[in-house]
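Enquirer: Each residue of the sequence shown is one higher than the last, beginning at 9 in our numbering. Backbone N, C-alpha and C define an ideal beta-carbon position, used for all residues, glycine too. These numbers come from a predicted model, not from an experiment.
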Amino acid sequence: MDRLDELAVFLAILEAGSLTAAAKRLSRSGPAVTRALNGLEERLGVRLIERTTRNLSPTDAGRRLAEQARRLLADYDEAVVATGSDQPLRGRLRVTAPVMFGRKHVTPLVIAFMRAFPDIRVELVLADGNLDLIDADLDVAIRIGPLADSAMIARRVGQVTRLLVASPAYLAAHGAPDSPEDLTRHVIVFSTPHPRPPEWRFVVDGRERVVRLTPHLIVSHVESALLAARDGMGLTRPLSYQAADDLASGALVRVMPHTEPPPIPVHVVVPSARLMPGRVRAFVDHATDHLKTLEVLRGVA
């Protein structure tokens with residue numbers, strides 16, 4: 009087996025989380041992937057991955073090799089891409105992003121990208137749940153929140169903050185809460201795309217505090233919650249980019265900023281740097297440059 013290919017199989021196993029998933033990703037048989045890993049470990053004389061019936065994890069030697077292998081393969085891919093850089097970029101590109109962020113901020117950058125590269129066809133999949141990039145056949149994701157899969161290749165482009173907001177009319181009628189405990193006496197508009205307990209988390213004196221709520225209105229999307237809040241229906245808790253226009257216009261007011269949790273990171277994510285097609289690399293560069301300029305991804309003061 010080619011030595012670069014051997015390293016690529018090793019990284020695919022770590023990134024996919026299992027030998028079976030790696031075989032599926034690489035379109036190879038399970039035994040072939042197992043032989044490649046065993047051969048690499050035998051040649052190096054060290055165990056690279058600890059395997060159990062339920063999961064696998066890299067050894068210290070495996071982590072060191074993975075770090076070096078990613079750099080080596082990325083350099084190789086960059087050289088290959090540079091060699092063919094005089095060819096026009098073409099083909100299909102599948103991108104995913106959260107629904108509201110995708111509509112407001114990702115769609116415009118996709119349109120600009122397609123104008124620059126007219127031979128690339130883009131499919132933009134908007135979903136508030138984090139889709140699995142491999143299973144859903146996606147090339148790039150815009151993710152808001154901590155990254156659960158450390159094997160992903162990610163570029164941080166900014167951050168957002170979870171805010172508590174209400175309309176001036178609501179605050180004039182009901183007053184503003186001073187502490188998370190005060191929320192039990194207020195009208196709550198709760199938004200969640202998935203069934204979950206109605207609770208909000210705050211930070212008070214450096215410690216997290218969880219407040220269980222009895223919402224007067226529960227909606228499945230934040231835009232409906234913002235509409236209700238603008239109409240004076242109660243307090244709601246969007247991300248800062250979601251409320252940015254309403255805060256700027258004065259339709260909504262920020263409440264209890266001293267209890268807000270730490271900022272939430274925003275990343276552009278790809279499954280792997282290994283043999284990243286030129287169209288994917290071009291989009292990642294384009295999206296990163298554009299998103300880093302957005303005021304709404306600088307958090308709030």
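1. Identify whether I21 lies in helix, strand or coil by the three-state DSSP scheme.
2. Just to confirm the assignment: which complete alpha helix (DSSP H) runs, minimum length 4, are found wholly within the stretch 26-109?
3. Using the Cα positions of L225 and I196, report the straight-line distance between them to the nearest angstrom.
4. Please classify G97: is it buried, with 16 or more other beta-carbons within 10 angstroms of its beta-carbon, or exposed?
5. Relative to the C-alpha of F210, which candidate in S187, G137, L134, T301 has its C-alpha closest?
6. Using only CA atoms, which one of E189, A31, T222 lies nearest to T42?
7. Which residue marks the beginning of the beta strand (DSSP E) containing E231, and which one marks its end?
8. When the Cα of R217 is compared with those of P246, G240, D143, H266, which residue comes out closest?
9. Tell me which residue opens and which closes the beta strand (DSSP E) that I142 is part of.
10. Are V168 and L305 close, meaning C-beta to C-beta below 8 Å?
11. What are the boundary residues of the beta strand (DSSP E) that H266 is part of?
12. Got a sec, what are the start and stop residues for the beta strand (DSSP E) P273 sits in?
13. Does DSSP classify T244 as helix, strand or coil?
14. So, are the CB atoms of R102 and D140 less than 8 Å apart?
15. Which of helix, strand or coil does DSSP assign to V5?
16. To the nearest angstrom, report how far apart A44 and G38 are at their CA atoms.
17. Under the rule that 16 or more other beta-carbon atoms within 10 Å means buried, what is L52, buried or exposed?
18. Given that a residue counts as buried once 16 or more other Cβ atoms are within 10 Å of its Cβ, and exposed if not, what is V212?
19. What span of residues does the beta strand (DSSP E) with R209 cover, start to end?
20. My guess is that F18 and L56 are in contact by the Cβ rule of under 8 Å, so how many angstroms apart are they, rounded?
21. When the distance is taken between beta carbons, is I128 closer than 8 Å to G99?
22. To which residues of the same chain is G137 closer than 8 Å at the C-beta, ignoring the five residues directly before and after it?
23. Please identify the residue among L22, A82, L48, V148 whose C-alpha is closest to the C-alpha of V288.
Expert: So, from the data block:
1. helix
2. 27-34, 38-52, 68-91
3. 7 Å
4. Note that residue 97 corresponds to Leu in the displayed sequence, not to Gly. Classification of L97: buried, given that the 10 Å Cβ count is 16 or more.
5. S187
6. A31
7. Element bounds for E231: not the beta strand (DSSP E) but the alpha helix (DSSP H), 230-238.
8. H266
9. First-last for I142: undefined, no H or E at that position.
10. yes
11. No beta strand (DSSP E) holds H266; DSSP gives it neither H nor E.
12. 272-278
13. strand
14. no
15. Beyond the ends of the chain as shown, which are 9 and 309, falls residue 5; an answer cannot be given.
16. 10 Å
17. exposed
18. exposed
19. 207-212
20. 7 Å
21. yes
22. P201, H202
23. V148
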